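Novice: The opening position of the sequence shown corresponds to residue 312 in my numbering, with each subsequent residue numbered one higher. The C-beta atom is built at its ideal place from N, Cα and C for all residues, glycine as well. Just so you know, these numbers come straight off a predicted model, no measurement behind them.
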Amino acid sequence: MQSVLDDQLVSANSIRTITLTTEEQRELTKLTSSISGDPYSDFESFYQNILKLQAKIPQRIRREIEHIKNLKRGGAVIIKRLPLGNDLPPTPDQPFAKITLHDLRSEIYLVLLATLIAEPFSFREWDAGHLVHNKYPIKSHREVQFGSNAVEFLVHTETPFREFSPDYIALLCLRGDPTGRANTKVCDIEKIISELSDDEREILKKPYFAFETDNPAVQINGKSYTLPMPIITSRNGEDVFEYVHDLVAISEESQEVLDKLKGKVASSITSVFLEGGDLIIIDNSHMVHGRSAYEPNYDGTDRWLQRLLLTSRLYRNKTNENRLISDKRLENYTTAYQNVLQGLS
Ligand SMILES: O=C(O)CCC(=O)C(=O)O
Ligand SMILES: [Fe+2]
Numbered sequence: 312m313q314s315v316l317d318d319q320l321v322s323a324n325s326i327r328t329i330t331l332t333t334e335e336q337r338e339l340t341k342l343t344s345s346i347s348g349d350p351y352s353d354f355e356s357f358y359q360n361i362l363k364l365q366a367k368i369p370q371r372i373r374r375e376i377e378h379i380k381n382l383k384r385g386g387a388v389i390i391k392r393l394p395l396g397n398d399l400p401p402t403p404d405q406p407f408a409k410i411t412l413h414d415l416r417s418e419i420y421l422v423l424l425a426t427l428i429a430e431p432f433s434f435r436e437w438d439a440g441h442l443v444h445n446k447y448p449i450k451s452h453r454e455v456q457f458g459s460n461a462v463e464f465l466v467h468t469e470t471p472f473r474e475f476s477p478d479y480i481a482l483l484c485l486r487g488d489p490t491g492r493a494n495t496k497v498c499d500i501e502k503i504i505s506e507l508s509d510d511e512r513e514i515l516k517k518p519y520f521a522f523e524t525d526n527p528a529v530q531i532n533g534k535s536y537t538l539p540m541p542i543i544t545s546r547n548g549e550d551v552f553e554y555v556h557d558l559v560a561i562s563e564e565s566q567e568v569l570d571k572l573k574g575k576v577a578s579s580i581t582s583v584f585l586e587g588g589d590l591i592i593i594d595n596s597h598m599v600h601g602r603s604a605y606e607p608n609y610d611g612t613d614r615w616l617q618r619l620l621l622t623s624r625l626y627r628n629k630t631n632e633n634r635l636i637s638d639k640r641l642e643n644y645t646t647a648y649q650n651v652l653q654g655l656s
């Protein structure tokens, strides 16, 4: 039997890990077996059924998840060995919206645990309007900066530089990479930025940072960019951070600071190998995440994640909310990215 003492509770990188005991697994299996509803065709009913049982989540799991919420700064928690069962179908090779395989029941674990931290939401234009996103490699997406790619998925804030980004993201691994190569990456960007000078931080607060794109919002010195934005912004008096490893700066001075930041991010990344049954919840306002490159086989055995976006800011009532908001800056993404998104709907 797994002992609680085996767990490495705190690592140097604000990532806490707990491994479920057999008893906790048993309790969760019992709890989830009474939950009904289809997370894809009627998310709200499914979610309401889950909320009724949330008070019964084993204490230690609840405490660990709530710890990240209460930190109010960079943190992530990994819950290992969720009892997802053994009847996972082969990993699909097409976008999830195009197949009839729905409701795997793993969604119950994802939504039950992740919504202890905040409320679920998503973007209407993403993943066919599903609240639970299924992420696995798709051959034609291989090179794109998207969760279904195979090249390195550069570390990023989820949904950076838009009108709204999630406060947390949750990734539940249904099937780990059988080749052992795909590592999720996590980095505490708040900590890195706190170690820069005041002058450097002032530059990161200016709207000097953007992506190169073929669908520009602005042109600067003949180059095409998304709308330049700051990396540090303030929310309710607290600094929050939005960053992606392929950002560029629009002036020489800001490029110098960005290059320094990129170097520090690259050397402060923690790699986490997710196995089937592992859930990671990441504070998306203070941490960035990504994934190493890997070699999918596209034969039904590939890595498979389910993802939930979470917000502490949008909803007051926990019932009957419209949980889809619009991703309004989509028109300035690269054409390659937009093609992938459209293929999902
Ligand atoms: O594949 C991973 O581990 C990370 C995926 C990711 O960044 C995402 O789906 O948002
Ligand atoms: Fe992501």
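1. If you draw a straight line from the alpha carbon of N650 to that of D525, how long is it in whole angstroms?
2. Counting only runs of 3+ residues fully inside the stretch 457–521, write out the beta strand (DSSP E) ranges in chain order.
3. So M484 and I580 are supposed to be a Cβ contact under 8 Å. How far apart are they, rounded?
4. Taking the alpha carbon of S325 as the point to measure from, which residue in G396, I591, R486 and I542 has its own alpha carbon closest?
5. Which residues bound the alpha helix (DSSP H) around L569?
6. Just mark R392 as buried or exposed, buried being the case when its beta carbon has 16 or more other beta carbons within 10 Å.
7. Under 6 Å: does the beta carbon of K446 sit that close to some heavy atom of ligand 1?
8. Starting from the Cα of R627, find the closest Cα among I419, S565, E430 and G440 and give me that residue.
9. Give the DSSP-derived three-state secondary structure of N445 in the structure shown.
10. Pull up the distance between the alpha-carbon of N547 and that of D478, whole angstroms please.
11. Hey, could you find the ends of the beta strand (DSSP E) L619 is sitting in?
12. Would you say R602 touches ligand 1, meaning its beta carbon is less than 6 Å from a heavy atom?
13. Nearer than 6 Å: is that true of the beta carbon of E501 relative to any heavy atom of ligand 2?
14. With DSSP as the reference, label I372 as helix, strand or coil.
15. Quick check: the stretch 532–548 against the stretch 433–449, are there 3 or more CB pairs under 8 Å?
16. With distances taken Cα to Cα, identify the nearest neighbour of A647 among E523, W615 and N608.
17. Pick from L569, T470 and P539: whose alpha carbon is nearest that of G601?
18. At the level of alpha carbons, what is the spacing between I368 and K383?
19. Please confirm whether any heavy atom of ligand 1 lies closer than 6 Å to the CB of R618.
20. Apply the 10 Å Cβ neighbour rule to V321 and answer buried if 16 or more other Cβ atoms are within range, or exposed otherwise.
21. What does a CB cutoff of less than 6 Å around S637 pick up in its chain, not counting 5 residues either side in sequence?
22. Which ranges does the alpha helix (DSSP H) cover as unbroken runs of at least 4 residues, wholly within the stretch 386–437, from first to last along the chain?
23. Closest by CA to T495, which one among T544, L585 and L423?
24. Since F552 is in the beta strand (DSSP E), which residue starts that stretch and which ends it?
25. Can you tell me where the alpha helix (DSSP H) holding Q359 begins and where it ends?
26. Would D438 be called buried (16 or more neighbouring beta carbons within 10 Å of its own) or exposed?
Specialist: Taking the geometry as given:
1. As a first step, residue 650 is located in the sequence shown; it is residue number 339 there, counting from the start. As a first step, residue 525 is located in the sequence shown; it is residue number 214 there, counting from the start. Straight-line Cα distance between these residues: approximately 13 Å.
2. 464–467, 479–486 and 495–499
3. Here residue 484 corresponds to residue number 173 of the sequence shown, with the count starting at 1. Here residue 580 corresponds to residue number 269 of the sequence shown, with the count starting at 1. The amino acid occupying residue 484 in the given sequence is Cys; Met does not appear at that position. C484 to I580, Cβ: 18 Å. No contact.
4. Along the sequence shown, read from residue 1 onward, the residue named residue 325 stands at position 14. Answer by Cα proximity: I591.
5. Counting from one through the sequence shown, the residue named residue 569 turns up at place 258. E563 to A577 is the extent of the alpha helix (DSSP H) around L569.
6. Start at 1 with the first residue of the sequence shown, and residue 392 comes out as number 81. R392 should be labelled buried.
7. Counted from its first residue, the sequence shown places residue 446 at position 135. Checking the Cβ of K446 against ligand 1 gives yes.
8. Within the sequence shown, numbered from 1, the residue matching residue 627 stands at position 316. Selected option, being the one with the closest Cα: E430.
9. In the sequence shown, counting from the first residue as 1, residue 445 sits at position 134. Residue state, collapsed to three classes: strand.
10. Looking up residue 547 in the sequence shown gives position 236. Looking up residue 478 in the sequence shown gives position 167. So the two alpha carbons sit approximately 13 Å from each other.
11. Counting from 1 along the sequence shown, the entry for residue 619 is found at position 308. Here the beta strand (DSSP E) through L619 covers W615 to T622.
12. For this step, residue 602 is matched to residue 291 along the sequence shown. Yes, the beta carbon of R602 sits closer than 6 Å to at least one heavy atom of ligand 1.
13. Numbered from its first residue, the sequence shown carries residue 501 at position 190. Because no heavy atom of ligand 2 lies under 6 Å away, the Cβ of E501 does not count as near it: no.
14. The residue labelled residue 372 in the question sits at position 61 within the sequence shown. Looking at I372 - three-state DSSP - the assignment turns out to be helix.
15. no
16. Looking up residue 647 in the sequence shown gives position 336. Selected option, being the one with the closest Cα: E523.
17. Stepping through the sequence shown from its first residue, residue 601 is reached at position 290. Ranking the options by Cα distance to G601, first place goes to T470.
18. Along the sequence shown, read from residue 1 onward, the residue named residue 368 stands at position 57. Along the sequence shown, read from residue 1 onward, the residue named residue 383 stands at position 72. The straight-line gap from Cα to Cα measures roughly 22 Å.
19. For the purposes of this step, residue 618 is taken as residue 307 along the sequence shown, with counting starting at 1. Within the cutoff, so yes.
20. To locate residue 321, count along the sequence shown from 1; it is residue 10. Residue placement at V321 is flagged as unreliable, the pLDDT there being 40, under the threshold of 50; the coordinate-derived value follows with that caveat. Exposed: under 16 other Cβ atoms inside 10 Å.
21. Stepping through the sequence shown from its first residue, residue 637 is reached at position 326. Cβ neighbours of S637 beyond the five flanking positions: R435.
22. 417–425
23. In the sequence shown, counting from the first residue as 1, residue 495 sits at position 184. For the residues T544, L585 and L423, the minimum Cα distance to T495 belongs to L585.
24. In the sequence shown, the residue the question calls residue 552 occupies position 241. Per DSSP, F552 belongs to the beta strand (DSSP E) from E549 to F552.
25. By one-based count along the sequence shown, residue 359 stands at place 48. Residues F354 to L362.
26. For the purposes of this step, residue 438 is taken as the residue at position 127 of the sequence shown. Buried.
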